[in-house]
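Residue numbers (our numbering): 1 to 115.
So, in structure tokens, the structure goes:
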């Protein structure tokens, strides 16, 4: 097939260029990044018999408390914010947290010392 367009005739379009196909080497899949924490926890549990030290060294307790608090907020108030702009969302989140704290305080028993 002859090319009749002048711009393509000068570009040697008909010349076949030698090209090699280069495929990436197979990468060994190691699993998700968060699996490392679990692997350390399992290894620590096998060595010591419990996860107490691992939980203490990784602040697992604080993370668990934060996750539980976020679960409560989402269950009570829904999983999304209704306002569109960022400042409004921050104010809405603060109002939700304030309401949750009031509900938590209302449900706490009052301790009185008996002498």
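From the three backbone atoms N, C-alpha and C, an ideal C-beta is built for every residue, glycine too.
Work out the CA separation of residue j and residue i for me, nearest whole Å.
{"i": "residue 81", "j": "residue 61", "result": "27 Å"}
{"i": "residue 95", "j": "residue 64", "result": "23 Å"}
{"i": "residue 89", "j": "residue 83", "result": "6 Å"}
{"i": "residue 93", "j": "residue 78", "result": "11 Å"}
{"i": "residue 105", "j": "residue 99", "result": "10 Å"}
{"i": "residue 56", "j": "residue 47", "result": "16 Å"}
{"i": "residue 67", "j": "residue 97", "result": "14 Å"}
What is the DSSP secondary structure of residue i, counted as helix, strand or coil?
{"i": "residue 59", "result": "coil"}
{"i": "residue 85", "result": "coil"}
{"i": "residue 113", "result": "coil"}
{"i": "residue 51", "result": "coil"}
With burial defined as no fewer than 16 other Cβ atoms inside 10 Å of the residue's Cβ, what is the status of residue i: buried or exposed?
{"i": "residue 1", "result": "Bear in mind that a pLDDT of 47 at residue 1, under 50, signals an unreliable position, so the number given afterwards is only what the model happens to contain. Burial call: exposed."}
Going by beta carbon distance, what residues of the same chain come within less than 6 Å of residue i, once the five residues before and after it are set aside?
{"i": "residue 45", "result": "51"}
{"i": "residue 101", "result": "none"}
At least one CB of chain D closer than 8 Å to the CB of residue i: is that the case?
{"i": "residue 50", "result": "Among the protein chains of the structure shown there is no chain D, as only one such chain exists."}
Considering only residues of the same chain and omitting the five flanking positions on each side of residue i, which have a CB-CB separation below 7 Å?
{"i": "residue 69", "result": "none"}
{"i": "residue 76", "result": "100"}
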